[in-house]
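*Asks:* Handing you a structure now.
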Amino acid sequence: MAATSNDVEQFLSRMRALCLKERMAEVEQSSLLLSACSPKLLEQKGLALLGLGVSNVQIGLGGKSLIELERPSAYHTSPNFPPHTFRPGDIARIEANVSSTPGKRGAKTSKKQTQGSGDTDTQASVEGVIYKVSDTRIVVSVEAESQDIELPERCRVVKLANSVTFDRMDRAIDSLERLVTQQASDGPPSAVQTLPLAQSLLAMKPLGHYTPVSDNLTLMDSYLNDSQKEAVKFALDSPEIALIHGPPGTGKTQTLVEIIRQLVQQGKRVLVCGASNLAVGKDTDNLLERLVPHQIPLTRIGHPARILGNLHTETLDAQAARSDQAALAADAKSELEEAMASLAGKGKARLRGLERKKMWEEVKELRKEYRKREKVIVQSVLSEAKIVLATCHSSGSRQLTNMRFDVICIDEACQALEAVCWIPILKGSKLILAGDPLQLPPTIISLNSSSKKSSTTKPAGSTRTKNPKPGKSALGSKTAPSNSSKEAKPVSEESGVDSPANSDDEKNPVVASPIHPTKSSKSPQLVPPKSLEVTLFQRLEQMYGPSIKRMLTTQYRYQYRHSLRVAIDRIYTRMHKKIAEFPSETLYGSALISHESVASHLLRDLPGVSTDQGLAEVTSEPVVFFDTAGCEFYERVDSEGGGDGGSRSNENEATLVKKWVEELVSAGLTPAQIAIIAPYQAQVTLLVSILRPTYPELEIGTVDGMQGREKDAVILSLVRSNDKREVGFLKEKRRLNVAMTRPRRHLCVVGDSSTVEKGGAYLKKWMTWLENNADVRYAGDP
Numbered sequence: 001m002a003a004t005s006n007d008v009e010q011f012l013s014r015m016r017a018l019c020l021k022e023r024m025a026e027v028e029q030s031s032l033l034l035s036a037c038s039p040k041l042l043e044q045k046g047l048a049l050l051g052l053g054v055s056n057v058q059i060g061l062g063g064k065s066l067i068e069l070e071r072p073s074a075y076h077t078s079p080n081f082p083p084h085t086f087r088p089g090d091i092a093r094i095e096a097n098v099s100s101t102p103g104k105r106g107a108k109t110s111k112k113q114t115q116g117s118g119d120t121d122t123q124a125s126v127e128g129v130i131y132k133v134s135d136t137r138i139v140v141s142v143e144a145e146s147q148d149i150e151l152p153e154r155c156r157v158v159k160l161a162n163s164v165t166f167d168r169m170d171r172a173i174d175s176l177e178r179l180v181t182q183q184a185s186d187g188p189p190s191a192v193q194t195l196p197l198a199q200s201l202l203a204m205k206p207l208g209h210y211t212p213v214s215d216n217l218t219l220m221d222s223y224l225n226d227s228q229k230e231a232v233k234f235a236l237d238s239p240e241i242a243l244i245h246g247p248p249g250t251g252k253t254q255t256l257v258e259i260i261r262q263l264v265q266q267g268k269r270v271l272v273c274g275a276s277n278l279a280v281g282k283d284t285d286n287l288l289e290r291l292v293p294h295q296i297p298l299t300r301i302g303h304p305a306r307i308l309g310n311l312h313t314e315t316l317d318a319q320a321a322r323s324d325q326a327a328l329a330a331d332a333k334s335e336l337e338e339a340m341a342s343l344a345g346k347g348k349a350r351l352r353g354l355e356r357k358k359m360w361e362e363v364k365e366l367r368k369e370y371r372k373r374e375k376v377i378v379q380s381v382l383s384e385a386k387i388v389l390a391t392c393h394s395s396g397s398r399q400l401t402n403m404r405f406d407v408i409c410i411d412e413a414c415q416a417l418e419a420v421c422w423i424p425i426l427k428g429s430k431l432i433l434a435g436d437p438l439q440l441p442p443t444i445i446s447l448n449s450s451s452k453k454s455s456t457t458k459p460a461g462s463t464r465t466k467n468p469k470p471g472k473s474a475l476g477s478k479t480a481p482s483n484s485s486k487e488a489k490p491v492s493e494e495s496g497v498d499s500p501a502n503s504d505d506e507k508n509p510v511v512a513s514p515i516h517p518t519k520s521s522k523s524p525q526l527v528p529p530k531s532l533e534v535t536l537f538q539r540l541e542q543m544y545g546p547s548i549k550r551m552l553t554t555q556y557r558y559q560y561r562h563s564l565r566v567a568i569d570r571i572y573t574r575m576h577k578k579i580a581e582f583p584s585e586t587l588y589g590s591a592l593i594s595h596e597s598v599a600s601h602l603l604r605d606l607p608g609v610s611t612d613q614g615l616a617e618v619t620s621e622p623v624v625f626f627d628t629a630g631c632e633f634y635e636r637v638d639s640e641g642g643g644d645g646g647s648r649s650n651e652n653e654a655t656l657v658k659k660w661v662e663e664l665v666s667a668g669l670t671p672a673q674i675a676i677i678a679p680y681q682a683q684v685t686l687l688v689s690i691l692r693p694t695y696p697e698l699e700i701g702t703v704d705g706m707q708g709r710e711k712d713a714v715i716l717s718l719v720r721s722n723d724k725r726e727v728g729f730l731k732e733k734r735r736l737n738v739a740m741t742r743p744r745r746h747l748c749v750v751g752d753s754s755t756v757e758k759g760g761a762y763l764k765k766w767m768t769w770l771e772n773n774a775d776v777r778y779a780g781d782p
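Laid out in structure tokens, this is it:
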């Protein structure tokens, strides 16, 4: 039975309530950190950069001020920033450094800029968006409005909560409600085009009939395997909605590129989006990198620093700057920058009083004129693009206002909140989602805020405190009221659809559906989500059954002509069959198949790696497990910052990891061929401190930064070891799946089996598999 208006109202009310809960959880977490942490501690946690100076101010797209900050040599021995979490698109505040004289050269600020961190001086502060980040420079884009932007000589940058994304999600939900509850004919023509798709996504009408019409399709990529070909045909033939399930290493990006190229050849205009998080930049740029050589008119929207250096020419900023109409805005921009430079004067050159006020009024008029001229240029550039690439979040930017697309394609859809997916969906009439519900889910802070706190008992000689709440932190210092004036109807959080990947039931394992699914016999029902962790991809699969998707199954060896201007062969390979075995059996119904060319490849087969028999135990084993059970290699807790904000580290495990890295390098691997993954930031920080000075090219990070990546050798440090046998979010099988599927030829696991096996049926099964299939060694062996 089709969903009723009451069903839709309850669904949207639940989504509003969950988004508001998440927004407020970010604010609460932010407030705790900002009130409990000194600026120095915030910097240690990667949430602030201290002792900066303004090196340059320019005018960017939209007339925004681009404030470039660096570490002055007068105060720092090195120009390089310490480890931090700032990424393009993050919201941040520039404020006076703690050592600055209070009130010195203060700026005019709005009410929303009066909140600070710790013992801050907020008389001179301004908020903006991180525009670019390098090792020595960070650029903040500021919407100046009527503010007289003026900062002290020494300042700092503090990370804030991203309220802009929540505002856009609120507006998308409101627009969706108007679309499906009112007569579409009363709205703009675009509403009529989107309505059938929206109704199908909300189970208000059945899906359009799937009729295979691409049997004689001429494929552009001759390297596609059978499962990829099937997925391409399915996506093209589906009238409204198609899901592409891409397990690790099965060529999802390659498949999407073929789908997009085929759509363009059919005369379609495509908006390609990714989830709004760290992984997105990599995902969309990987697609961009592979689409550019095909000479299709395309534009990448977003912050330039997210984009690989050789792809900058394809960004909206670069295309607007070199367009035939660029001269229209060049004069206005030049005048605006000159006026801004005069306002930035110091000492005797500084404008004061009425003269300064007059110059500021002139800046406002010049900015308005510049934006007017620039808008014409931007619209011209975008109108020529057959493909536009953006994040789901940035697809709601003013550059894309009122723009329509034939097809919306969302990559890594299983990492995106459903609400953020609706931002681009409302711009199209067909939807293709690609992702893997068995890899990283969206990061949901509000799930952790309501979790039961637990503590770990300290054995002799170690320090124990309460367990931290799992999940990434996000800073914010502003109140966050919902944009919607509608109050969500109370719907029990115990009801509603839940993510199937949360199951740890050994009798009902979560496995992927077959490549040729049959049509579900049940009638689709619109059920409000139990949490934001339920993605649109998962909800649609549960609502319509496996017939709505196709799964890729073959681990690939793919030769790709890569360069933008010069043809360079690049080989993409993935896992040794032994590395793929456990995730394939437990999560993907044994459907993953390693291509014969990669099924048996080992480290010893790499150029430059020693074939010496004495190193065989290092280079000839696909899976090695260093079991620390019984060694009393207990975890330690970083409890600084108060509450549950601590992270975990394990010094003894770090020592084992260091020794194994040394063995791999001695065998002939380069540090760039190795990655180390740890579930906790404290362990990452520890590993960086002991390894990065010797091996600067060695990649060390958390699971979140590694999705979509691959290395020849991966070392996984599990960290958890305690006498209470608590494992925290190690038991999240999707995170573990990402970690164990990053290596091509060699996986080394370091952990305490006696602790880890107590984390649930899945972890117990993994420990048993390692004991039976890995080269098991014990602490002290290396």
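Note that the UniProt record's numbering has the sequence shown beginning at 1, numbered continuously upward. Beta carbons: idealized from backbone N, C-alpha and C, even for Gly. Remember, predicted model here, so these are calculated numbers, not experimental data.
In three-state DSSP terms, what is R725?
*Replies:* One-based indexing of the sequence shown puts residue 725 at position 725. Correct three-state label for R725: coil.
*Asks:* What first and last residue would you give for the beta strand (DSSP E) that runs through A330?
*Replies:* In the sequence shown, the residue the question calls residue 330 occupies position 330. Segment A327 to L343 is the alpha helix (DSSP H) holding A330; no beta strand (DSSP E) there.
*Asks:* On the three-state DSSP scale, how would you describe S597?
*Replies:* Position 597 of the sequence shown, counting from 1, holds the residue named residue 597. Residue state, collapsed to three classes: coil.
*Asks:* Write down the C-beta distance between S125 and E95 rounded to the nearest angstrom, noting that I regard them as a contact closer than 8 angstroms.
*Replies:* For this step, residue 125 is matched to residue 125 along the sequence shown. For this step, residue 95 is matched to residue 95 along the sequence shown. Confirmed, Cβ separation roughly 4 angstroms.
*Asks:* With H, G and I counted as helix, E and B as strand and the rest as coil, what does DSSP make of T611?
*Replies:* Here the question's residue 611 lines up with position 611 in the sequence shown. DSSP places T611 in coil when its eight states are reduced to three.
*Asks:* Pull up the distance between the alpha-carbon of L263 and that of C392, whole angstroms please.
*Replies:* Here residue 263 refers to the residue found at position 263 when the sequence shown is read from its first residue. Here residue 392 refers to the residue found at position 392 when the sequence shown is read from its first residue. Going by the C-alpha atoms only, they are around 20 angstroms apart.
*Asks:* Taking only three categories from DSSP, how would you classify E541?
*Replies:* For the purposes of this step, residue 541 is taken as the residue at position 541 of the sequence shown. Reduced to three states, the DSSP call for E541 is helix.
*Asks:* Residue range of the beta strand (DSSP E) that G51 falls in?
*Replies:* Within the sequence shown, residue 51 is the residue found at index 51, counting from 1. A48 to I59 is the span of the beta strand (DSSP E), which, as asked, contains G51.
*Asks:* Would DSSP call I568 helix, strand or coil?
*Replies:* The count along the sequence shown starts at 1 and reaches residue 568 at position 568. Bear in mind that the predicted position of I568 carries a pLDDT of just 33, short of 50, making it unreliable; the figure below should be weighed with that in mind. In this structure, I568 counts as coil in the three-state DSSP scheme.
*Asks:* For the stretch 173-223, which segments carrying the alpha helix (DSSP H) assignment without a break, of at least 4 residues, lie completely within its bounds, in sequence order?
*Replies:* For the stretch 173-223, whole alpha helix (DSSP H) runs of length 4 or above, ordered along the chain, are 189-201.
*Asks:* As an exercise, report each continuous alpha helix (DSSP H) stretch of at least 4 residues that is fully enclosed by the stretch 25-49, in chain order.
*Replies:* Counting whole runs of 4 or more residues, the stretch 25-49 contains the alpha helix (DSSP H) stretches 39-44.
*Asks:* So, with DSSP's three-state summary, where would you put P696?
*Replies:* By one-based count along the sequence shown, residue 696 stands at place 696. Residue state, collapsed to three classes: coil.
*Asks:* Pull up the distance between the alpha-carbon of R290 and that of R709, whole angstroms please.
*Replies:* Taking the sequence shown and counting its residues from 1, one reaches residue 290 at position 290. Taking the sequence shown and counting its residues from 1, one reaches residue 709 at position 709. Near 16 angstroms, if we compare the C-alpha coordinates of R709 and R290.
*Asks:* Beta carbon of A678, beta carbon of D638: below 8 angstroms?
*Replies:* Working through the sequence shown from its first residue, we reach residue 678 at position 678. Working through the sequence shown from its first residue, we reach residue 638 at position 638. No, the Cβ-Cβ distance between A678 and D638 is not below 8 angstroms.
*Asks:* Would you mind reading off the limits of the alpha helix (DSSP H) that contains F582?
*Replies:* Looking up residue 582 in the sequence shown gives position 582. Counting along the chain, the alpha helix (DSSP H) containing F582 begins and ends at K577 to L587.
*Asks:* Looking at S227 and T554, is the spacing between their C-beta atoms short of 8 angstroms?
*Replies:* Here residue 554 refers to the residue found at position 554 when the sequence shown is read from its first residue. Here residue 227 refers to the residue found at position 227 when the sequence shown is read from its first residue. Contact: yes.
*Asks:* DSSP three-state call for Y131: helix, strand or coil?
*Replies:* The residue labelled residue 131 in the question sits at position 131 within the sequence shown. Y131 falls in the strand class under three-state DSSP.
*Asks:* Among G668, A242, R154 and E43, which residue has its Cα nearest to the Cα of S429?
*Replies:* As a position in the sequence shown, residue 429 is number 429, starting the count at 1. Among G668, A242, R154 and E43, the Cα nearest to that of S429 is on A242.
*Asks:* Any C-beta of chain D sitting closer than 8 angstroms to the C-beta of S38?
*Replies:* The structure shown contains no chain D; it holds only a single protein chain.
*Asks:* Quick one: what's E95 bridged to in DSSP?
*Replies:* Against the sequence shown, residue 95 aligns to sequence position 95. DSSP lists S125 and R156 as partners of E95.
*Asks:* Measure the Cβ-Cβ separation of G46 and P88 and say whether it is below 8 angstroms.
*Replies:* Residue mapping note: residue 46 aligns to position 46 of the sequence shown, counting from 1. Residue mapping note: residue 88 aligns to position 88 of the sequence shown, counting from 1. No, the Cβ-Cβ distance between G46 and P88 is not below 8 angstroms.
*Asks:* What's the call for G128, buried or exposed, on a 16-neighbour Cβ count within 10 Å?
*Replies:* Counting from one through the sequence shown, the residue named residue 128 turns up at place 128. Buried is the call here.
*Asks:* Which whole-angstrom value is the C-beta distance of N722 and Y634, which I expect to be below 8 angstroms?
*Replies:* Residue mapping note: residue 722 aligns to position 722 of the sequence shown, counting from 1. Residue mapping note: residue 634 aligns to position 634 of the sequence shown, counting from 1. N722 to Y634, Cβ: 6 angstroms. Contact.
*Asks:* Within the continuous alpha helix (DSSP H) that includes residue 838, where are the two ends?
*Replies:* The displayed coordinates of the chain run from 1 to 782. Any statement about residue 838 would go beyond what the structure contains.
*Asks:* Comparing C-alpha positions only, which one of T313, H312, Y695 and E374 sits nearest to Q325?
*Replies:* Counting from 1 along the sequence shown, the entry for residue 325 is found at position 325. Closest option to Q325, Cα to Cα, is E374.
*Asks:* Using three-state DSSP, classify residue 828 as helix, strand or coil.
*Replies:* Here the chain comprises residues numbered 1 to 782, so residue 828 is not present and cannot be evaluated.
*Asks:* In whole angstroms, what is the alpha-carbon distance linking L219 and H601?
*Replies:* On the sequence shown, residue 219 is found 219 positions in, with the first residue counted as 1. On the sequence shown, residue 601 is found 601 positions in, with the first residue counted as 1. Distance between the alpha carbons of L219 and H601 is about 29 angstroms.
*Asks:* To the nearest angstrom, report how far apart G759 and P528 are at their CA atoms.
*Replies:* Translated into positions along the sequence shown, residue 759 becomes position 759. Translated into positions along the sequence shown, residue 528 becomes position 528. Taking the straight line from one Cα to the other gives about 30 angstroms.
*Asks:* Looking at the unbroken alpha helix (DSSP H) that takes in V261, where does it start and where does it end?
*Replies:* Counting from one through the sequence shown, the residue named residue 261 turns up at place 261. Note that residue 261 is Arg in the sequence shown here, rather than Val. Here the alpha helix (DSSP H) through R261 covers K252 to Q265.
*Asks:* May I ask which residues mark the beginning and end of the beta strand (DSSP E) holding G435?
*Replies:* Here residue 435 refers to the residue found at position 435 when the sequence shown is read from its first residue. Element bounds for G435: L431 to G435.
*Asks:* Alpha carbon to alpha carbon, how far is Y762 from I59?
*Replies:* Taking the sequence shown and counting its residues from 1, one reaches residue 762 at position 762. Taking the sequence shown and counting its residues from 1, one reaches residue 59 at position 59. Whole-angstrom Cα-Cα distance: 53 angstroms.
*Asks:* Since I believe A330 is in contact with E369 (beta carbons under 8 angstroms), could you give me their beta-carbon distance rounded to a whole number of angstroms?
*Replies:* Looking up residue 369 in the sequence shown gives position 369. Looking up residue 330 in the sequence shown gives position 330. Not really, about 12 angstroms apart at Cβ, beyond 8 angstroms.
*Asks:* So, is D215 buried or exposed, given that buried needs 16 or more other C-beta atoms within 10 angstroms?
*Replies:* In the sequence shown, the residue the question calls residue 215 occupies position 215. Its Cβ having fewer than 16 others within 10 Å, D215 is exposed.
*Asks:* At the level of alpha carbons, what is the spacing between P468 and I444?
*Replies:* Counting from one through the sequence shown, the residue named residue 468 turns up at place 468. Counting from one through the sequence shown, the residue named residue 444 turns up at place 444. Residue confidence for P468 is low, a pLDDT of 35 falling below 50, so the modelled location carries little weight and cannot support an answer.
*Asks:* State yes or no: is the C-beta of L687 within less than 8 angstroms of the C-beta of A654?
*Replies:* Working through the sequence shown from its first residue, we reach residue 687 at position 687. Working through the sequence shown from its first residue, we reach residue 654 at position 654. Cβ distance < 8 angstroms, so L687 and A654 count as in contact.
*Asks:* Taking I676 as the reference, which of G668, R692, A667 and S666 has the closest Cα?
*Replies:* Counted from its first residue, the sequence shown places residue 676 at position 676. Answer by Cα proximity: R692.
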